[in-house]
Amino acid sequence: MKNEIIKALKSSDGYISGEMLSKQLGVSRTAVWKAVNALKQDGYVIDSASHNGYKLVYAPELIEKEDILKNLTPSAAGCEIITLLNTDSTNNYLKKLASEGAGHGTTVIAEQQSAGKGRLSRMWYSERGTGIYMSVLLKPMAAPHEISCITPVIGLAVCNAIRKETGTDAKIKWPNDVVIGSKKVAGILTEMSAQSDMIDYIIVGIGINVNNEVFADEIKYKATSLLLETGENFSRAALAAAVLCEINKSLTDGIGFSKVDLEEYKKLCISLDKEVSVMLRGKMVTGRAIGVNSGGELVVRLPDGELMNISCGEVGVSGVY
Ligand code: BTN
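Under the working numbering, the letters of the sequence shown match residues 158 to 478, in that order.
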């Protein structure tokens with residue numbers, strides 16, 4: 158209904174009466190009024206003059222499905238794209254679709270999230286119209302232990318897409334934070350539903366700070382955006398398409414690191430050759446990160462010379478947020 162009202166307002170030169178809209182759409186005038194108010198909440202500026210009806214004054218620049226598709230070669234990730242103005246979390250929305258049988262590659266993109274989720278139960282700031290909030294459904298024929306690499310593999314795809322589209326020197330903080338300089342520009346939340354021997358589905362949720370001008374006080378020391386780094390505004394649709402292309406490329410031979418990709422990942426990973434610290438079972442462990450293995454784990458040399466493979470958790474890197 159909101160879409161139909163926007164279409165009608167866009168095709169009208171001046172004001173269009175509530176009565177006319179209700180006739181055109183076959184709904185009551187109250188329903189029109191409610192939808193117009195909801196559109197105002199979504200960022201549209203609609204002038205409502207009591208005798209003339211409604212006039213569209215400003216429409217926010219949205220991520221349009223067509224703009225993504227024109228930049229995307231037909232492939233799995235992004236084969237079916239759902240764009241939303243608002244949702245609590247694109248991961249949650251896609252989880253529901255997955256439980257209803259949505260197919261491999263289904264992608265949900267929202268303009269805004271009211272409860273965007275980050276890793277480790279944090280929240281993800283999801284301001285309207287500035288970032289990319291996107292989730293991709295993957296349904297690999299694999300057991301849970303076979304997909305340990307998925308998190309860094311997607312991190313590499315997102316980092317490469319950002320580098321190619323923006324020319325920035327984006328890097329990866331293990332396992333999959335994308336950083337520019339010492340601040341984070343993108344994050345990935347991977348959620349999975351699985352039996353002990355078979356994955357039902359994986360949801361890869363990607364958040365990228367694209368055209369944000371400011372961040373809330375509590376995150377501004379550690380968050381940045383592509384706009385803040387370059388002074389340029391970027392097309393979110395083109396960048397979303399680039400991310401989907403890179404994901405498709407990295408998944409062509411299954412869900413894992415090819416030798417080339419692993420080498421590329423290591424080159425871009427700022428955690429390597431640095432002192433790192435991680436909380437493991439309530440104990441802070443520190444050491445030097447010396448590699449990433451083919452399973453995507455961070456290899457850390459402990460002070461006593463022993464090697465430890467770290468597969469999850471928040472790994473602090475000296476000098477980075
Ligand atoms: C992180 O903490 O680094 C992960 C952030 C992931 C944010 C994205 S935005 C799209 C998707 N939906 C969510 O609720 N979270 C992910």
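No residue lacks a Cβ here, since even glycine has one placed at the ideal position from N, Cα and C.
This one's a predicted model, so the numbers in the text were calculated from it and none came from an experiment.
Which listed residue (the options) has its alpha carbon closest to that of residue i
{"i": "residue 175", "options": "410, 204, 401 and 199", "result": "204"}
{"i": "residue 337", "options": "324, 237 and 249", "result": "324"}
{"i": "residue 407", "options": "307, 469 and 302", "result": "307"}
{"i": "residue 469", "options": "460, 454 and 475", "result": "454"}
{"i": "residue 322", "options": "424, 393, 239 and 405", "result": "393"}
{"i": "residue 206", "options": "465, 198 and 193", "result": "193"}
{"i": "residue 427", "options": "402, 254, 224 and 326", "result": "326"}
{"i": "residue 366", "options": "217, 387 and 180", "result": "387"}
{"i": "residue 405", "options": "317, 290, 199 and 210", "result": "317"}
{"i": "residue 475", "options": "431, 173 and 398", "result": "431"}
{"i": "residue 210", "options": "416, 177, 227 and 198", "result": "177"}
{"i": "residue 409", "options": "179, 259, 297 and 180", "result": "297"}
{"i": "residue 242", "options": "354, 276, 216 and 374", "result": "216"}
{"i": "residue 252", "options": "439, 218, 291 and 462", "result": "291"}
Close-in-space but distant-in-sequence residues of the same chain around residue i (CB under 6 Å, 5 per side omitted)
{"i": "residue 361", "result": "293, 311 and 347"}
{"i": "residue 222", "result": "238 and 240"}
{"i": "residue 272", "result": "245 and 246"}
{"i": "residue 437", "result": "none"}
{"i": "residue 255", "result": "294 and 358"}
{"i": "residue 398", "result": "225, 228 and 229"}
{"i": "residue 429", "result": "446"}
Contact check, residue i vs residue j, beta carbons under 8 Å
{"i": "residue 330", "j": "residue 477", "result": "yes"}
{"i": "residue 456", "j": "residue 447", "result": "yes"}
{"i": "residue 196", "j": "residue 164", "result": "no"}
{"i": "residue 234", "j": "residue 187", "result": "no"}
{"i": "residue 444", "j": "residue 459", "result": "yes"}
{"i": "residue 266", "j": "residue 247", "result": "yes"}
{"i": "residue 345", "j": "residue 295", "result": "no"}
{"i": "residue 319", "j": "residue 299", "result": "no"}
{"i": "residue 423", "j": "residue 449", "result": "yes"}
{"i": "residue 100", "j": "residue 225", "result": "As displayed, the chain neither begins before 158 nor continues past 478, which places residue 100 out of reach and without an answer."}
{"i": "residue 384", "j": "residue 390", "result": "yes"}
{"i": "residue 214", "j": "residue 202", "result": "yes"}
{"i": "residue 487", "j": "residue 166", "result": "Summary: the structure shown does not reach residue 487, with the chain confined to residues 158 through 478, and so no result is reported for it."}
{"i": "residue 284", "j": "residue 228", "result": "no"}
{"i": "residue 282", "j": "residue 220", "result": "no"}
{"i": "residue 212", "j": "residue 260", "result": "no"}
Cβ-based neighbour list, residue i, same chain, cut-off 7 Å, excluding 5 preceding and 5 following
{"i": "residue 451", "result": "414 and 419"}
{"i": "residue 357", "result": "350 and 351"}
{"i": "residue 244", "result": "250, 267 and 270"}
{"i": "residue 333", "result": "308, 309, 311, 312 and 345"}
{"i": "residue 467", "result": "435, 454, 455 and 457"}
{"i": "residue 355", "result": "300"}
{"i": "residue 382", "result": "342, 366, 367, 368 and 369"}
{"i": "residue 185", "result": "179"}
{"i": "residue 198", "result": "none"}
Supposed contact pair residue j and residue i - C-beta distance, whole angstroms, cut 8 Å
{"i": "residue 379", "j": "residue 328", "result": "Incorrect: roughly 15 Å between the Cβ atoms, too far for contact."}
{"i": "residue 433", "j": "residue 472", "result": "5 Å"}
{"i": "residue 412", "j": "residue 304", "result": "5 Å"}
{"i": "residue 200", "j": "residue 236", "result": "Not confirmed; about 29 Å, so no contact."}
{"i": "residue 403", "j": "residue 314", "result": "4 Å"}
According to DSSP, residues forming a beta bridge with residue i
{"i": "residue 191", "result": "Per DSSP, none; premise fails for residue 191."}
{"i": "residue 274", "result": "280"}
{"i": "residue 348", "result": "360"}
{"i": "residue 290", "result": "267 and 364"}
{"i": "residue 253", "result": "Answer is none; residue 253 lacks a bridge partner."}
{"i": "residue 206", "result": "210"}
{"i": "residue 396", "result": "BP columns for residue 396 are empty, so no partner."}
Residues near residue i in its chain [Cβ-Cβ closer than 8 Å; skip 5 each side]
{"i": "residue 232", "result": "262, 401, 402 and 405"}
{"i": "residue 373", "result": "282"}
{"i": "residue 441", "result": "434 and 435"}
Check: residue i C-beta below 7 Å from any heavy atom of the ligand ZN
{"i": "residue 276", "result": "This structure lacks the ligand ZN; the ligands present are the ligand BTN."}
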